[in-house]
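**Student:** Can you read through this structure? Questions will come right after.
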Amino acid sequence: MLDLKQIIRPNILSAKPYSSARDEFKGIGEVYLDANENPFENGFNRYPDPLQINLKNEIAKLKGCPVENLFVGNGSDEVLDLAIRISCRPGIDNMIVTDPSYGMYEVLASLNDIECRKSTLNEDFSLNLDNLLGLIDQNTRIIILCSPNNPTGNILDREAVKQVLDQFNGLVLIDEAYIDFSSEISWTNDLSKYPYLIVSQTLSKFYGLAGLRIGLGWASPELIDIFNRIKPPYNISSSAQKIACEQLKLSLPNKAYFERAKNNLIVQLQESELVEKVFPSETNFVLVKFRNASLVLANLIKAGIVVRDRSGQTGCANCLRITIGTEKENKKLIDEIKRIQYEESTLN
Ligand SMILES: *Cc1c(COP(=O)(O)O)cnc(C)c1O
């Protein structure tokens, strides 16, 4: 049973949402003189659909999930921000994330003045369930789990996540930004079983639409209603809605390509003496532990190849995160790594 009073901030529950002109008149008019828009048609002179009905129908069809469970945010970063804001009272409540994980959670926590508690992952980046559950107190309002996890690339064990859902009496947000690359099934299938579950996804990674800023939040209709009430009224521009719809109707991205290119990249990296370990990945990137990451990074940058230095993150010493590119890009990376290795072997 979903008890909104227990998990939603009182001021959010009682907040009266902004009522836009398009909220107040939903029929078909002949002339629209209610929103102070410029009347001269240029394709963009009208405000966008605040609830993105066409886009949501398209996404729901694509994902095979009911449209009433869907919220669309200006990137999934907006979904994350709203999830924290509906649940956590600034200066009072806390949230729990894993470490290492996506850095944005901590940034959002601090912007919202929420204490962010970190549960360090095990050495193989699996969930340390006892540690995580031990961090919960009566002011813990939301736990954010990222699966597949960024920057480590692994899926969090289903049983362990189930334990969190069963034992915690607050919101559990599972960030599935990379789910479309993985062989795992989405937690969206369990929404009816877990009323406190929110699943965030995005069109930015697999669907190749990062520039449009379309993030998805899946949750019970009651929670979706709260998201809709507090979001900025026109959070998705009409051009983003229109182009996203068109793009999703075209042929879908090639999942097999990423699988093949990733495996290829992993094999080649493992052959390099510079590489200590390539972590298994259910995403479109690999976390690679080098013997000397800063040397590799500096040389890659000199060659114009930009990868993400994750060596400062917990459990990620000497690690670089490498995104799967085109075949040509991946080859350029591997060639450069071979060159660095050759240079090193002749120097020493
Ligand atoms: C990229 C990424 C996001 C952000 O997605 P947007 O929809 O582009 O905001 C969210 N979570 C994780 C783990 C990511 O890696």
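Residue numbers for the sequence shown, in the working numbering: 34 to 381.
Backbone N, C-alpha and C define an ideal beta-carbon position, used for all residues, glycine too.
Tell me, which residues are paired with Ser233 by DSSP?
**Tutor:** Paired residues: Asp208, Gly250.
**Student:** On a Cα-Cα basis, can you pick out the residue from Arg174, Ser378, Lys364, Lys238 that is closest to Phe318?
**Tutor:** The shortest C-alpha separation from Phe318 is found at Lys238.
**Student:** Put Val339 into one of helix, strand or coil per three-state DSSP.
**Tutor:** Looking at Val339 - three-state DSSP - the assignment turns out to be coil, as it is neither helix nor strand.
**Student:** For the pair the segment 71–81 and the segment 97–109, tell me if three or more CB-CB distances fall below 8 Å.
**Tutor:** The segment 71–81 is not in contact with the segment 97–109.
**Student:** Mind reading off the beta-carbon distance from Phe312 to Leu353? Whole number of angstroms is fine, and I expect it under 8 Å.
**Tutor:** Wrong, their Cβ atoms sit about 11 Å apart, outside the cutoff.
**Student:** Using DSSP bridges, identify the partner residues of Val130.
**Tutor:** Val130 pairs with Lys151, Ile177.
**Student:** Can you have a look at Val308 and say buried or exposed, based on whether 16 or more other CB atoms are within 10 angstroms of its CB?
**Tutor:** It is buried - the Cβ of Val308 has at least 16 other Cβ atoms within 10 Å.
**Student:** State the DSSP-derived secondary structure class of Asn287, mapped to helix, strand or coil.
**Tutor:** Asn287: coil per DSSP, three-state reduction.
**Student:** Just the C-alpha distance for Leu37 and Pro43, rounded to the nearest angstrom, thanks.
**Tutor:** Whole-angstrom Cα-Cα distance: 9 Å.
**Student:** Within 7 Å: the Cβ of Lys89 and any heavy atom of ligand 1?
**Tutor:** No, the beta carbon of Lys89 sits no closer than 7 Å to any heavy atom of ligand 1.
**Student:** With DSSP run on the structure shown, which of helix, strand or coil describes Arg79?
**Tutor:** Note: Arg79 maps to coil in three-state DSSP.
**Student:** What residue range does the alpha helix (DSSP H) around Val197 cover?
**Tutor:** It spans 191–200 - the alpha helix (DSSP H) in which Val197 sits, taken as one unbroken run.
**Student:** Just the C-alpha distance for Leu189 and Leu160, rounded to the nearest angstrom, thanks.
**Tutor:** Leu189 and Leu160: Cα-Cα distance of roughly 7 Å.
**Student:** For Phe104, write down the residues that DSSP places opposite it in a beta bridge.
**Tutor:** Gly250, per the DSSP bridge assignment.
**Student:** Take the Cβ of Ala331 as the centre, count every other Cβ of all protein chains shown within 10 Å, and call the residue buried at 16 or more, exposed below.
**Tutor:** Burial call: exposed.
**Student:** Is Ser109 a contact residue of ligand 1, with contact defined as CB to any heavy atom under 7 Å?
**Tutor:** Ser109: yes, Cβ under 7 Å from ligand 1.
**Student:** How is Cys278 classed by DSSP in three states: helix, strand or coil?
**Tutor:** Here Cys278 sits in helix by DSSP.
**Student:** Using a 10 Å radius around the Cβ and a threshold of 16 neighbouring Cβ atoms, would you call Pro81 buried or exposed?
**Tutor:** It is buried - the Cβ of Pro81 has at least 16 other Cβ atoms within 10 Å.
**Student:** Would you check whether ligand 1 has a heavy atom nearer than 7 Å to the C-beta of Gly414?
**Tutor:** Beyond the ends of the chain as shown, which are 34 and 381, falls residue 414; an answer cannot be given.
**Student:** Tell me whether the segment 236–251 and the segment 124–136 touch, counting them as touching only if at least three CB pairs, one residue from each stretch, are closer than 8 Å.
**Tutor:** They do not touch, by the three-pair rule.
**Student:** How would you write the range of the alpha helix (DSSP H) that Thr379 sits in, first residue to last?
**Tutor:** Looking at the DSSP string, the run of the alpha helix (DSSP H) that includes Thr379 is 360–380.
**Student:** Whole angstroms is fine: what's the gap from Gln39's alpha carbon to Lys195's?
**Tutor:** Their backbone Cα atoms lie some 21 Å apart in a straight line.
**Student:** Is it the case that the Cβ atoms of Ala210 and Leu245 are separated by a distance below 8 Å?
**Tutor:** No, they are not a contact pair.
**Student:** Quick one: grab the DSSP three-state call for Leu320.
**Tutor:** If DSSP states are grouped into helix, strand and coil, Leu320 belongs with the strands.
**Student:** Using the C-alpha atoms, what's the distance from Thr153 back to Val321?
**Tutor:** Looking at the two C-alpha atoms, the distance is approximately 19 Å.
**Student:** Would you tell me roughly how many angstroms separate the C-alpha atoms of Ser215 and Asn145, rounded to the nearest one?
**Tutor:** Whole-angstrom Cα-Cα distance: 32 Å.
**Student:** Pull up the CB-CB distance for Leu198 and Ile231, whole angstroms please, since I reckon it's below 8 Å.
**Tutor:** About 11 Å; that fails the 8 Å criterion.
**Student:** In this structure, does DSSP put Arg55 in helix, strand or coil?
**Tutor:** Reduced to three states, the DSSP call for Arg55 is helix.
**Student:** What does the alpha-carbon distance come out to for the pair Ile117 and Ala142?
**Tutor:** Spanning the two alpha carbons is a distance of roughly 7 Å.
**Student:** Measuring CB atoms only, is the segment 331–340 touching the segment 284–294, in the sense that at least three cross pairs come out at less than 8 Å?
**Tutor:** The segment 331–340 vs the segment 284–294: no contact.
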